[in-house]
Each structure stands twice: as C-alpha cells, then as structure tokens.
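Enquirer: Residues in the sequence shown are numbered consecutively from 9, following the working numbering. Every residue, glycine too, gets a C-beta built ideally from N, C-alpha and C.
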Amino acid sequence: MKVKGTATRLPTSRKAATLLLACTIFYPHESAFAQTAATATPMVPSATSSADGSVSTTPATGGAAGTGTAQATPAPAPQLWRPSSNPGDPIYEQPDEAGQPSAEAENPYEPTMDGGENPRIATEPGQTPGIRLGTFVLRPSISQTVNTEKQTNTGGPSRRNYLTTGIRGTLTSDWSRHALTVTGDGAWERNFGGNKNGEEPRANIEANLRLDLGAQTTANLKAGYEFSREGTTDPNALTGAAVQGGEHRFTAGASIERDFGKLRGLAALDLSRTVYTDAKGLDGRPISLSDRDQNGANLRGRIGYELSPALIPFLELNVGTTKYDSRLDNSGYARSSNAYGAKIGAEVDLGEKTRGEAAIGYLRKEYDDDRLAAIGALTLDGKLNWSPQRGTNVNLGLRTTIEDFAGGPQGGWISYRLDAGLTHEMRNNLVARLTGQIVHRTFPSSSTEDAVEYTAGAGLTWGLNRYLDLTADVSYQWTPVYDSNELRVGAGLVLKR
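1. Report all residues from its chain with a CB closer than 7 angstroms to the CB of L386; omit the five preceding and five following residues, and keep chain order.
2. Report the rounded CA-to-CA distance for V447 versus T487, giving the unit in angstroms.
3. Is the distance from the Cβ of G194 to the Cβ of G174 below 8 angstroms?
4. Applying the criterion that 16 or more other CB atoms from any shown protein chain within 10 Å of the CB defines a buried residue, is Q302 buried or exposed?
5. Which residues mark the beginning and the end of the beta strand (DSSP E) in which H186 is found?
6. Between the beta-carbon of A546 and the beta-carbon of D299, is there less than 8 angstroms?
7. Using DSSP's beta-bridge definition, name the partner residues of V145.
8. Output yes or no for whether 8 angstroms exceeds the beta carbon distance between E411 and S395.
9. Counting only the same chain and skipping the five closest in sequence on each side, list residues whose C-beta sits under 8 angstroms from that of A85.
10. Less than 8 angstroms between the CB atoms is what I'm expecting for T153 and G498, so what's the real figure, rounded?
11. For T172, tell me which candidate among A211, L323 and L141 has the shortest Cα-Cα distance.
12. Between which two residues does the beta strand (DSSP E) harbouring T456 extend?
13. Suppose contacts are defined by Cβ-Cβ distances below 8 angstroms. Is D389 in contact with T408 by that definition?
14. Is G232 closer than 8 angstroms to I213 when the C-beta atoms are compared?
15. Would you report the Cα separation of D477 and G261, rounded to the nearest angstrom?
16. Which value, in whole angstroms, describes the spacing of the CA atoms of G309 and N437?
17. Compare the beta carbon distance of R147 and G192 with 8 angstroms and say whether it is the shorter of the two.
18. Please state whether DSSP places D299 in a helix, a strand or coil.
19. Would you mind giving the Cβ-Cβ distance between A318 and V356, rounded to the nearest angstrom? I have them listed as a contact below 8 angstroms.
20. Residues in the same chain with beta-carbon distance under 6 angstroms from A464, minus the five sequence neighbours each way, listed in chain order, please.
21. Straight-line CA distance for L271 to R237?
22. When you compare only the Cα positions, how much space is there between E365 and D278?
23. I need the straight-line Cα distance from L336 to R168, nearest angstrom please.
24. Note down the Cα distance separating N480 from R185, rounded to an integer number of angstroms.
25. Bridge partners of L503, per DSSP?
26. Is the beta carbon of A382 closer than 8 angstroms to that of R398?
27. Of the residues N199, W183, E494 and E208, which one's Cα is nearest the Cα of R218?
28. Is P321 helix, strand or coil when you go by DSSP?
29. Considering only residues of the same chain and omitting the five flanking positions on each side of L8, which have a CB-CB separation below 6 angstroms?
30. Can you round the beta-carbon distance between G289 and A305 to whole angstroms, since I take them to be within the 8 angstroms contact cut?
31. Are the Cβ atoms of R266 and G273 separated by less than 8 angstroms?
32. Tell me the rounded alpha-carbon separation between L430 and R293.
33. For a test of the three-state rule: what should DSSP assign to P165, helix, strand or coil?
34. Taking L418 as the reference, which of T247, E255, H432 and T450 has the closest Cα?
35. Less than 8 angstroms between the C-beta atoms of L325 and A287, yes or no?
36. Around the C-beta of L380, are 16 or more other C-beta atoms found within 10 angstroms, so that it is buried, or is it exposed?
Structure (structure tokens):
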C-alpha cells in the first residue's frame, strides 16, 4: 500500500501561490478601487471609506484627492436594503420605515363634484348639513308613514288605516350678533277608502328672534301659528259629531331680560287669537263653533336672585284676560274672564348634564258672568332636561292651566299635565325613544267626575344614511272615566336635507 505524503501536494500549492502573486502584481489598481467603491455599503455623513476597507472619522476634504487613497462619494439610498458582504465594512441596523415621514398624504383633500366646499360635519347625531341660504341654514325633511288605529269607547270599537304625510323644517341664522330661529312641522292624514272620519290634520310654526341689546340685556320677539283638531276625549268634544271642530291659534309675544348684578329681571307680554272651525254632524251638516272665538293677553314679571351660577330662586307674578268675540255664548253665558297668579321657584343650571326650573304657586280665574263660579287652583310648573350620559337625554315637563267650558253653567276645569321623554342613541345610526303623558282634570264648579288620561309611546329611528331614516312608532292612550282606549302603530321613511 502506497501512501502519498505532503511532498506530492507541494507542487500544486506552489502553483496556486504563484498564480495569486501574479494576479496581485499585474491587475490594474483602479479597477480594484472601483469595485470597492461600487459596493452598496450604507454611509454615515462623518465617515469615509479608504481603499483597504477601513473607516476614517475625519471629514472628507477636497485635498484628499491628491493622496493615494480614494474617497467614496455618498450613493443614493438603495430601494432594497441588504447587508454588505465585504469584510471590515461597518454593520448598520435596518432602517425602520414606520418611523419615517410619508412622502404622500394618506388622506388628501378631495373637492366635491361641483367644485364647491365639502359640507361641515353635523354637530348633532342624525343632523344633516342643511341648505345654506345667505346667512341662514335650512334643514327640511319630509316623511311618509303607513299607520293603523284602533279605538274602543262607549260607542263601540272602530278601526282605520291611513297614510300620514309630514313636513318639518328648521331655519337658523348664522349671525355674529342676535339670532333668529324658525321651526315648523305639519301632518296631513288620508284614510284608505275615502272616508274622512277620524282624520286629524295638524300644523305648527314658530319664529323666535333674540336681540342682544347689551352685555346684560336681552330681548326676545316671537310669533307662531298652530292648528289642531279637538280630540274625542276632550271635555268640549261634541258627542254627536262625526268630525270634531278645528282650532286655529295665533300667538305673538315680546320679553326683555336684564341682569342687575345678582338680580335677574324679566318682563313679558303674550298675545293670542283663537278661531274655531265648524264641526261635522253625523248627518253631514256643519255645526258652528264661532261663539268660542276669543282673544287673550297675559302679562308676567319675574325677579330672581343669583345665589350661585347654578341656583337662582325667583318670584313670578302674572295677570291675564280672555275676551270672547260674542258677549254671550250659545247657552247664554258671558265667558270672558280675568286671571291672576303668583308662584315661587328656582332655576337650576348644572351645565350640559342638568338644566331646568320648578315652581309652586296659585292661580285664580274670575268670569264676567256672576252665575259662573270663580276657579282657584294650586299650580305646579316645571321643566327638566337631564343627560346622564352622552347620547341619552331625559325631558320632564309639568304644567297647570285653567280651561274654559264651551257652554253650560260650568265655568271651567283645572288641568295638570305631566310629560316625560327619553331618547337613547343605541348606535351611531339607531335612536330609541320612549314617551309618556298623564293629564289629570278636576272640575271644581260641577259634579263631573275627575278624569285622568294616560298616554305611552315608543319608537325607533334607523339612519340608513345621512339623508334617509326609517322610523317605527307605537302609542297607546287610555282614559278610564270614559272607558276609552286608542292604539296606534305606524312605520315609514323620512327624507332629510
């Protein structure tokens, strides 16, 4: 067996060493430096690379070109990072693209199709941008609902299916000083089958102008119109009528409020005009109600003392009068009257969460006809707006009034009305509503039994988009003393702009 030693591999090693030495001597130096400079090596501003691969921290100068060392110029940043494969090159960390500024905006401005400005985002849930009319913003809406109603009373059950077309709008000024707000809504009902029994059209419009007369003085001017049809459970409703009479009510008023340091003063005058339309009998003949047409005026003054910005107790006095167009009604009584009242209460303002007022007092009404007894009543009035959390609002209202009978030997009755409402934003496009009302009527000048009327309702509004809503509502009204109840269910669409 023949074993090869190291002497047999010596010629091969010598040949390789000789070839490497020859390449080193005869290979051009410029090409070697060019190859080294072409290597994609990350550069730092204060470092230069020499031909032997070392790093110099001396700043590069123009005179360095005259030496035997080549200076590397910074190359454009490579699009794809990769580490250098040359031994001796410094090692840098991979750049973090997340911390680098973006070359392009992620959400650039985009003009509208017509070249105008993009509408401002609504400040309230479900509120549309509206239509700008000079210095005003108009937010109109129109609704169409399909409804069914079932009534049960002493006359037996009845049912009707009908369409309701509603229109609503708000006109708001955009002034640096003063403010004008006009709100209006109306609804027109149409029964299926052409029968008009039970149809209850309604309309309401109100304008309010606030005048900023000074830092401590504010004036308000208002005007309004309202139309409604008397309900079948109203004490003045006609029992032998197929269609109850309608009531046109025109209102106007002015008030001025001024702060005197800790004192708050308010003076207000309210005017009204009420006109009644004819009712329709079972035989189709009109029933005139013109003897109920009347004018009204009420003057009130309030003085309050600011214990703190959140609590202001006050004292309010008022005097009013009602004058009928006809001195005597159809039953031969003079129903014109004068009213006097006083109440004491407090205003509460805890910011956006809680705001309202409550008062207790006394109201007395005296009729021109001595045969009609005067009516005195303990009054409870108040209102409360409470927002326990964002998207949830609770509204409460309490009011006491003295109403006149349409005829007969009774002068009038006392009405206590409690209203409650709850709205909750379940989602950004889904709002739930709950409503309730209790009306308690007492008749001090007659033997008529006290009547209590209960009303409860619920509803949902689903915003399909900014301009279209889907609504559903249900309500139930119950009056035990008249053995009357009413159930209404409806659903429809609301188009907003």
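Expert: Quick look at the numbers:
1. Position 378 of the sequence shown, counted from the start, is the residue given in the question as residue 386. Excluding sequence neighbours, L386 sits near Y370.
2. The count along the sequence shown starts at 1 and reaches residue 447 at position 439. The count along the sequence shown starts at 1 and reaches residue 487 at position 479. Distance between the alpha carbons of V447 and T487 is about 10 angstroms.
3. By 1-based counting over the sequence shown, the position of residue 194 is 186. By 1-based counting over the sequence shown, the position of residue 174 is 166. In contact: G194 and G174 (Cβ atoms closer than 8 angstroms).
4. Stepping through the sequence shown from its first residue, residue 302 is reached at position 294. So Q302 ends up on the buried side.
5. Residue mapping note: residue 186 aligns to position 178 of the sequence shown, counting from 1. First-last for H186: undefined, no H or E at that position.
6. Nothing can be reported for residue 546, as the shown portion of the chain is limited to 9 through 505.
7. One-based indexing of the sequence shown puts residue 145 at position 137. The partner list for V145 (beta bridge, DSSP) reads R140 and T180.
8. Within the sequence shown, the letter at position 403 stands for residue 411. Within the sequence shown, the letter at position 387 stands for residue 395. Contact: no.
9. Here the question's residue 85 lines up with position 77 in the sequence shown. Interpretation of A85 is limited by its pLDDT of 49, a score under 50 that renders its predicted location unreliable; the figure taken from the coordinates is listed afterwards. Cβ neighbours of A85 beyond the five flanking positions: none.
10. Mapped onto the sequence shown, residue 153 falls at position 145. Mapped onto the sequence shown, residue 498 falls at position 490. Right, their Cβ atoms sit about 5 angstroms apart.
11. One-based indexing of the sequence shown puts residue 172 at position 164. It is A211.
12. By one-based count along the sequence shown, residue 456 stands at place 448. That residue, T456, is in no beta strand (DSSP E); it is neither H nor E in DSSP.
13. For the purposes of this step, residue 389 is identified with residue 381 of the sequence shown, where counting begins at 1. For the purposes of this step, residue 408 is identified with residue 400 of the sequence shown, where counting begins at 1. Cβ distance < 8 angstroms, so D389 and T408 count as in contact.
14. Walking along the sequence shown from the start, residue 213 turns up at place 205. Walking along the sequence shown from the start, residue 232 turns up at place 224. Their beta carbons are under 8 angstroms apart, which means I213 touches G232 by this criterion.
15. By 1-based counting over the sequence shown, the position of residue 477 is 469. By 1-based counting over the sequence shown, the position of residue 261 is 253. Approximately 35 angstroms, taken between the alpha carbons.
16. What you label residue 309 is simply residue 301 of the sequence shown in a count that begins at 1. What you label residue 437 is simply residue 429 of the sequence shown in a count that begins at 1. Answer to the nearest angstrom: the Cα atoms are 44 angstroms apart.
17. Position 139 of the sequence shown holds residue 147. Position 184 of the sequence shown holds residue 192. Not closer than 8 angstroms, so no.
18. As a working note, residue 299 is residue 291 in the sequence shown. In the structure shown, D299 sits in a helix (DSSP, three-state: H, G or I).
19. Stepping through the sequence shown from its first residue, residue 318 is reached at position 310. Stepping through the sequence shown from its first residue, residue 356 is reached at position 348. Confirmed, about 6 angstroms.
20. As a position in the sequence shown, residue 464 is number 456, starting the count at 1. Around A464: G444 and Y484.
21. Counting from 1 along the sequence shown, the entry for residue 271 is found at position 263. Counting from 1 along the sequence shown, the entry for residue 237 is found at position 229. Going by the C-alpha atoms only, they are around 43 angstroms apart.
22. As a first step, residue 365 must be located in the sequence shown, where it is residue number 357. As a first step, residue 278 must be located in the sequence shown, where it is residue number 270. Each residue's alpha carbon lies about 20 angstroms from the other.
23. On the sequence shown, residue 336 is found 328 positions in, with the first residue counted as 1. On the sequence shown, residue 168 is found 160 positions in, with the first residue counted as 1. Rounded to the nearest angstrom, the two C-alpha atoms are 39 angstroms apart.
24. The sequence position of residue 480 within the sequence shown is 472, counting from 1. The sequence position of residue 185 within the sequence shown is 177, counting from 1. According to the sequence shown, residue 480 is Ala rather than Asn. Approximately 40 angstroms, taken between the alpha carbons.
25. Start at 1 with the first residue of the sequence shown, and residue 503 comes out as number 495. I150 and L476, per the DSSP bridge assignment.
26. As a first step, residue 398 is located in the sequence shown; it is residue number 390 there, counting from the start. As a first step, residue 382 is located in the sequence shown; it is residue number 374 there, counting from the start. No, they are not a contact pair.
27. Position 210 of the sequence shown holds residue 218. Of the listed residues, the one whose Cα sits closest to R218 is W183.
28. One-based indexing of the sequence shown puts residue 321 at position 313. Residue state, collapsed to three classes: strand.
29. Examination of residue 8 is not possible in this model, given that the chain is present from 9 through 505 alone.
30. Working through the sequence shown from its first residue, we reach residue 289 at position 281. Working through the sequence shown from its first residue, we reach residue 305 at position 297. Not confirmed; about 34 angstroms, so no contact.
31. In the sequence shown, the residue the question calls residue 266 occupies position 258. In the sequence shown, the residue the question calls residue 273 occupies position 265. For R266 and G273, yes; Cβs fall inside 8 angstroms.
32. As a working note, residue 430 is residue 422 in the sequence shown. As a working note, residue 293 is residue 285 in the sequence shown. About 43 angstroms.
33. Position 157 of the sequence shown, counted from the start, is the residue given in the question as residue 165. Note: P165 maps to strand in three-state DSSP.
34. Along the sequence shown, one-based indexing puts residue 418 at 410. It is worth fixing the name first, because residue 418 is Gln in this sequence and not Leu. The option with the nearest alpha carbon to Q418 is T450.
35. Counted from its first residue, the sequence shown places residue 325 at position 317. Counted from its first residue, the sequence shown places residue 287 at position 279. Result no, Cβ atoms of L325 and A287 do not sit closer than 8 angstroms.
36. In the sequence shown, counting from the first residue as 1, residue 380 sits at position 372. It counts as buried.
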